[in-house]
Amino acid sequence: MTRTLPASPLSRIVRGTGPGLLLAHGGGGGVEPNFGPILEGLAQRYTVVGPDYPGTGRTPRATEPLDLDTLADQLVATAVEEGLETFAIAGYSMGVPLAIRATTRHPERVKALVLTAGFAHPNPRLRLAARAWLGHLRALELDPNRLAEFLILTGFSAPMLDRLDQATVDTLVKDSAANTPPGTEDHVQLVTHIDVRADLAAVRAPTLVISTTLDQLATPHLHREVADGIAGARLAEIECGHLPFVERPQEWLDAMRTFLDEVHR
16 MTRTLPASPL SRIVRGTGPG LLLAHGGGGG VEPNFGPILE GLAQRYTVVG PDYPGTGRTP
76 RATEPLDLDT LADQLVATAV EEGLETFAIA GYSMGVPLAI RATTRHPERV KALVLTAGFA
136 HPNPRLRLAA RAWLGHLRAL ELDPNRLAEF LILTGFSAPM LDRLDQATVD TLVKDSAANT
196 PPGTEDHVQL VTHIDVRADL AAVRAPTLVI STTLDQLATP HLHREVADGI AGARLAEIEC
256 GHLPFVERPQ EWLDAMRTFL DEVHR
């Protein structure tokens with residue numbers, strides 16, 4: 016049965032030609048921040064539709080708490096509005112449970128999944144990180160650098176940070192502090208109660224789970240839980256922290272394209 020889709024309020028980018036690919040970005044991120052370094056490479060082979068969640072990009076912030084089902088339906092509606100009747104979904108971080116829920120609500124539309132640095136639910140460690148993130152967000156006006164420092168410590172791998180000099184780290188903190196999307200608190204609140212563990216067994220689309228093996232935010236334990244729960248899912252590893260688009264963009268792009276090209280062969 017095909018579900019009725021709402022009109023999507025999400026701003027979006029549309030690039031490329033070929034089989035459809037819907038992007039689901041991470042919490043507090045956006046299509047350009049999370050997929051920007053690989054967008055051109057994806058658009059060379061696929062028709063890429065990248066919606067921005069409420070409070071990111073050009074999408075206004077939500078006036079009510081975010082709901083997983085509603086946001087999943089809006090993501091799918093955005094792709095359909097751009098002419099994609101069927102498509103793969105590439106989910107990153109919070110975009111992973113969103114992609115999974117979109118798949119179980121609209122199985123006739125989703126032909127494949129690529130799930131990177133994600134989780135099916137926040138275990139106590141991730142919930143603790145989310146609470147710390149919320150605390151820093153709420154103190155943003157008092158000290159914007161506290162949030163930036165937290166995100167850099169949890170987002171980058173230790174080996175990468177160890178290679179950077181103080182001036183580079185200071186610049187990262189300054190740039191991060193100046194680029195917090197207004198909807199970030201809403202996204203992190205959603206992270207604290209997302210749970211798609213019951214959806215995993217219902218996923219029938221070919222799935223690649225990409226584990227960022229040095230991830231200190233959504234740890235590899237959570238990636239493996241997703242892969243183990245989806246029948247036939249493949250697990251690939253990239254040696255980096257939570258930000259593959261910063262640390263290993265070409266390796267991330269290559270893994271995605273190799274899998275999607277095989278699915279569409």
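For what it's worth, the working numbering labels the leading residue of the sequence shown as 16, then goes sequentially.
Idealized CB from N, CA, C, for every residue including glycine.
Across the set Pro174, Gln231, Ile28, Pro69, the C-alpha of Pro69 shows the shortest separation from the C-alpha of Thr85. The C-beta distance from Ala92 to Val278 rounds to 23 Å, too long to fall under 8 Å, and the pair is not in contact. Counting along the chain, Gly150 sits inside the alpha helix (DSSP H) bounded by residues 139-153. Going by beta carbons, Leu187 and Ile209 fall outside the 9 Å limit. For Val46, no beta strand (DSSP E) run applies; the uninterrupted alpha helix (DSSP H) run containing it begins and ends at 46-58, by DSSP.
Between Leu57 and Gly31 the beta-carbon gap is near 7 Å, inside 8 Å, which marks them as a contact.
Spanning the alpha carbons of Arg272 and Thr62 requires a straight line of approximately 13 Å. Rounded to the nearest whole angstrom, the C-alpha separation of Thr169 and Gln59 is 32 Å. The segment 209-228 makes contact with the segment 123-142, as at least three CB pairs between them are under 8 Å. Separation of the CB atoms of Gly42 and Val203 is rounded to 6 Å, and the pair is thereby assigned contact status at 8 Å.
Leu113 and Val184 have their C-alpha atoms some 32 Å from each other. If the five residues before and after Glu254 are omitted, its C-beta is found closer than 7 Å to the C-beta atoms of Thr228, Leu229, all from its own chain and listed in chain order.
The beta carbons of Leu90 and Ala39 sit closer together than 9 Å. Rounded to whole angstroms, the gap between the alpha carbons of Ser191 and Pro75 is 21 Å. Counting C-beta pairs closer than 8 Å gives three or more between the segment 255-272 and the segment 170-183, which meets the contact rule. Around the C-beta of Arg178, fewer than 16 other C-beta atoms lie within 10 Å, and the residue is accordingly described as exposed. Per the DSSP secondary-structure output, Phe102 pairs in a beta bridge with Val125.
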